[in-house]
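Colleague: Numbering (this note's numbering), first residue to last: -16 to 235.
Cβ coordinates follow ideal geometry from the N, Cα and C atoms, glycine included.
Quick caveat, the model's predicted, so the values are computed rather than measured.
Next comes the structure, spelled out in C-alpha cells:
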C-alpha cells in the first residue's frame, strides 16, 4: 500500500468518525446534552436562528462527495496534498464536539481556532490550483470554501459563548453593540475573501449567517442588530454579484 492510498484510507476512516460523533452528539446525546442545549447554556446575541445550522447538512453532503472523489483520485498529487490538512480538520471537528458537550468552552475555542487554521491551509492550497473539471469544482472547491466560511462565523460565535460563560458584560460596549461589531467583522472578512479570491461560496455562508441573526431577532427590541443585519445583507449581496465576475486563475 503506497503513501497516497494510506492517506486516502485514513481520511475515509476519520471522516466516518466525524459523521458518527456528530450524529451521536444529538442522538445519545453526548454528556446528556444536545449541541443546541449546550449552546443555550451560553446565550449570545451573535448566535443565529436554529434553522441556520442546517448548513452543516449541506457541508457534510458535499464532503461525502469529496471523500468519494478523493478515493477515485487518490494518486493525484493535488488531492494527496490536501489530505493531511483534511485529516487534521476531521480530528479537530470531533475534538470540538467533545469539548463543547463536556462544557469546556475555553478548550472549544482553542480547538475551533486550530480547525480554522487547518481549513485556511486547505483554502489557500485551492487558490494555487485550477480545477481540472466540474467534479473538482463541486466536490473539492465548493465544500471546503463553505466549510472555511462557516467555521469563520462559528469561531466568532464560539468566542462569544466563551465570553458569556465567564460572565463578561462587554466592558465599555453593550452586548448588542458588541454583536453589531462582530457582525461587521464577519461581513468585512467575507467581502475581502470574496473579492480577493472570487470565492462566491464564502460570501454565501456569511449571508446565510447574517440572515439567521436577523430572523432570530427581527421581532425583538434589538433594533441595532436588525438594522445592521439588513444593511450588511444588502452590502454582501452586492459583493456576491461583484465576486461572480471571472478572472484568469480564479475559482468559483
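#1: Looking only at its own chain, which residues have a Cβ that is under 8 Å from the Cβ of residue 32, when we skip the five neighbours before and after it?
#2: Are there 16 or more other CB atoms within 10 angstroms of the CB of residue 76, so buried, or fewer, so exposed?
#3: So is residue 83 buried or exposed if we call it buried at 16+ other beta carbons inside 10 Å?
#4: So residue 184 and residue 132 are supposed to be a Cβ contact under 8 Å. How far apart are they, rounded?
#5: Can you tell which of 206, 182, 178 and 165 has its C-alpha closest to the C-alpha of residue 192?
#6: With a floor of 3 residues, list each beta strand (DSSP E) that falls wholly inside the region 55 to 86, ordered by position along the chain.
#7: Does the structure place the region 20 to 30 close enough to the region 104 to 123 that three or more beta carbon pairs sit under 8 Å?
#8: At which residues does the alpha helix (DSSP H) containing residue 8 begin and terminate?
#9: Any idea what DSSP makes of residue 153, helix, strand or coil?
#10: Within this structure, are the beta carbons of residue 190 and residue 216 separated by less than 8 Å?
#11: Quick one: what's got a C-beta closer than 8 Å to residue 139's C-beta in the same chain, skipping five residues either side?
#12: Assuming residue 122 contacts residue 48 (C-beta within less than 8 Å), just tell me the rounded distance between them.
#13: DSSP state of residue 227, grouped into three classes?
Modeller: By the coordinates alone:
#1: The sequence position of residue 32 within the chain shown is 49, counting from 1. Listed in chain order, the non-local C-beta contacts of residue 32 below 8 Å within the same chain comprise 195, 196, 198 and 199, local neighbours out to five positions each way being set aside.
#2: Here residue 76 refers to the residue found at position 93 when the chain shown is read from its first residue. Classification of residue 76: buried, given that the 10 Å Cβ count is 16 or more.
#3: Position 100 of the chain shown, counted from the first residue, corresponds to residue 83. By the C-beta density criterion, residue 83 is buried, having at least 16 other C-beta atoms within 10 angstroms.
#4: Here residue 184 corresponds to residue number 201 of the chain shown, with the count starting at 1. Here residue 132 corresponds to residue number 149 of the chain shown, with the count starting at 1. Their Cβ separation, rounded to whole angstroms, is 7 Å, which keeps residue 184 and residue 132 in contact under 8 Å.
#5: For this step, residue 192 is matched to residue 209 along the chain shown. Nearest C-alpha to residue 192: 165.
#6: Within the region 55 to 86, no run of beta strand (DSSP E) reaches 3 residues while sitting entirely inside it.
#7: By the Cβ criterion, the region 104 to 123 is not in contact with the region 20 to 30, since fewer than three pairs of Cβ atoms, one from each stretch, lie closer than 8 Å.
#8: Taking the chain shown and counting its residues from 1, one reaches residue 8 at position 25. Bounds of the alpha helix (DSSP H) holding residue 8 are -14 to 10.
#9: Position 170 of the chain shown, counted from the first residue, corresponds to residue 153. The answer is coil: DSSP assigns residue 153 none of H, G, I, E or B.
#10: Taking the first residue of the chain shown as position 1, residue 190 is located at position 207. Taking the first residue of the chain shown as position 1, residue 216 is located at position 233. In this structure, residue 216 lies closer than 8 Å to residue 190 by Cβ.
#11: Working through the chain shown from its first residue, we reach residue 139 at position 156. Excluding residues within five positions, the ones whose Cβ falls inside 8 Å are 29, 165, 168 and 169.
#12: Looking up residue 122 in the chain shown gives position 139. Looking up residue 48 in the chain shown gives position 65. Yes, residue 122 and residue 48 are in contact; Cβ-Cβ is about 4 Å, under 8 Å.
#13: For the purposes of this step, residue 227 is identified with residue 244 of the chain shown, where counting begins at 1. DSSP places residue 227 in the coil class of the three-state scheme, outside both helix and strand.
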